[in-house]
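A quick write-up on the structure given underneath.
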Amino acid sequence: MPMDVILVLGFCVCTARTVIGFGLDPDLQMDIITELDLVNTTIGVSQVSGLHNGSKAFLFQGTEREIHAAPHVSEKLIQLFRNKSEFTFLATVQQKPSTSGVILSIRELEHSYFELESSGLRDEIRYHYMHSGKPRMEALPYRMADGQWHKVALSVSASHLLLHVDCNRIYERVIDPPETNFPPGSNLWLGQRNQKHGLFKGIIQDGKIIFMPNGYITQCPNLNRTCPTCSDFLSLVQGIMDLQELLAKMTAKVITSVLKHLNVVKTQSAKTGIRRLLVSARMVTSLSRETLPTVKILMNAQLRCIIAMPIPCVSICQAYIAVTVSQDTSVWMTSLAQSTMNVAAGSTAVTRMPSAPTPSKDTAAPANQATWATGPSAE
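Read in order, the letters of the sequence shown correspond to residues -21 to -1, 1 to 358 in mature numbering (1 follows the signal peptide of the UniProt record, and there is no 0).
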């Protein structure tokens, strides 16, 4: 199995285990209703029975209410959002039919950095946010103002938006990444946009913000968890790229070390390499004692090229691959000597090698001639 797949699966298992098996880290969530201390609020809010008895539920009504967080709570929320790309707002609501109102809003003056609105007039859920200093709004058609209980969860993962209603995935969109570094002075409002606008009419229960991938599973544990999220994938891609860069650097270091080692070893093994090549040459070509010294000269020249490895030697070495030892050997040796001296002197000039004599098709090669077609192998 590819390593990147293993990493993805491992991440998913670990994250799911953190959420479901061991509970949610308190530092990764904020219980809005608890932080706002709605129990002690009397104007426009009253405690009522909710969808379940596991948490408190509150009825929002009237027009003379200001349900917002204290400065220290807002500052805590600002710090939780800072540099986050994964967050989920979830709540259980019962909205009065055909009404419109804001369930949650985080804003500074006239700018909404996070706002979830339910419009009963247009039957849509609206998500307001900021991107690069400009307001953005996503309208998601759905009738939630029907007097029934609904579980709503809005999840953002980088540029990936998910909306779940009653544990069903209703919408999934790609959006501009929201700003999460809120300016100082931003305030948290529940059940309204500000003092006079966006007043929600109905009941709100379990209002929370979760700062982790797929936070909706805390509301609906039985949902199949998507693996990975958009932000997970981007992090994995960056991790793989970092590993590839590290591997390239390590490979370059290994190659450098090997080359340094070869510079030492190849000189020491030169004589041994010549002896092995000579033995192989005698076995393959059945060279006589008379032709062996000539071939030895050629092999020494090739070995010089291999050890030195300057650019001029490459073409010389290639020219020696098909050499026929014949009566014209003296011409070859003269050219070879001149080229070798040029290389030794550091000159880039290469003596043009004459073409090797080719035996006639009608005439067999004499017994004291042998066709050389073997190059030295790297030891």
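Here a beta-carbon is modelled for each residue, glycine too, at the ideal position from N, C-alpha and C.
When secondary structure is reduced to three states using DSSP, His107 falls in the strand class.
Out of Leu30, His31, Glu43 and Asp10, the CA that lies nearest to the CA of Thr21 is found in Glu43. Counted as a single uninterrupted DSSP element, the beta strand (DSSP E) harbouring Pro114 occupies residues Lys113 to Pro120. Per DSSP, reduced to three states, the secondary structure at Lys35 is coil, with no helix or strand assignment. Annotation for Ser53: Ser165, Asn166 and Leu167 place their beta carbon closer than 7 Å to its own, counting only its chain and skipping 5 residues before and after.
Under the three-state reduction of DSSP output, Ala70 falls in the strand class. The shortest CA-to-CA distance from Asp102 to any of Tyr108, Ile85, Lys75 and Tyr92 is the one to Lys75. By the criterion of a C-beta distance shorter than 6 Å, Arg152 is surrounded in its chain by Leu140, once the five residues flanking it on both sides are discounted. Taking the Cα of Asn147 as reference, the smallest distance to any Cα among Glu224, Thr230 and Gln198 is reached at Gln198. With respect to the 7 Å criterion, His90 and Met109 are classified as neighbours on the basis of their beta carbons. For Tyr195 against His143, the beta-carbon gap comes to about 5 Å, under 8 Å, which counts as contact.
Contact between Phe190 and Ile57 is absent: CB atoms are separated by about 12 Å, not below the 8 Å threshold. Residue pairing for Gln26: DSSP places it in a beta bridge opposite Phe37. Taking C-alpha positions only, Thr13 is separated from Glu87 by approximately 22 Å. C-alpha of Glu96 to C-alpha of Arg105: approximately 5 Å in a straight line.
Annotation for Leu15: the continuous alpha helix (DSSP H) segment containing it runs Ile11 to Leu15. Going by C-alpha positions, His47 is about 16 Å away from Asp185.
Separation of the CB atoms of Gly99 and Ser79 is rounded to 5 Å, and the pair is thereby assigned contact status at 8 Å. For Gln58, the three-state secondary structure derived from DSSP is helix. The alpha-carbon separation between Val81 and Gln217 amounts to approximately 38 Å.
For the 7 Å CB-CB criterion, Thr67 and Ala132 form a contact. For Ser79, the pairing in a beta bridge is given by DSSP as Ser98.
Straight-line measurement puts the Cα of Lys35 at about 15 Å from the Cα of Gly170.
Taking all protein chains in view, the Cβ of Ala124 is crowded by 16 or more other Cβ atoms within 10 Å, so the residue is classified as buried. Rounded to whole angstroms, the separation of the alpha carbons of Asn19 and Gly41 is 17 Å.
Going by DSSP, Asp185 is part of the beta strand (DSSP E) stretching over Gly181 to Ile189. Rounded to the nearest angstrom, the Cβ distance from Ile154 to Leu119 is 11 Å, too far for a contact under 8 Å. By the criterion of a C-beta distance shorter than 6 Å, Arg172 is surrounded in its chain by Val81 and Ser84, once the five residues flanking it on both sides are discounted.
The Cβ neighbour count for Leu69, taken over all protein chains shown within 10 Å, is at least 16; the residue is labelled buried.
In this chain, Tyr195 is not harboured by any beta strand (DSSP E), its DSSP state being neither H nor E. In the structure shown, the three-state DSSP call for Gln171 is coil. DSSP places Glu45 outside both helix and strand once states are collapsed to three, so it counts as coil. CA-to-CA, the gap between Glu65 and Ala137 works out to about 7 Å.
Straight-line measurement puts the Cα of Ser25 at about 16 Å from the Cα of Asn32.
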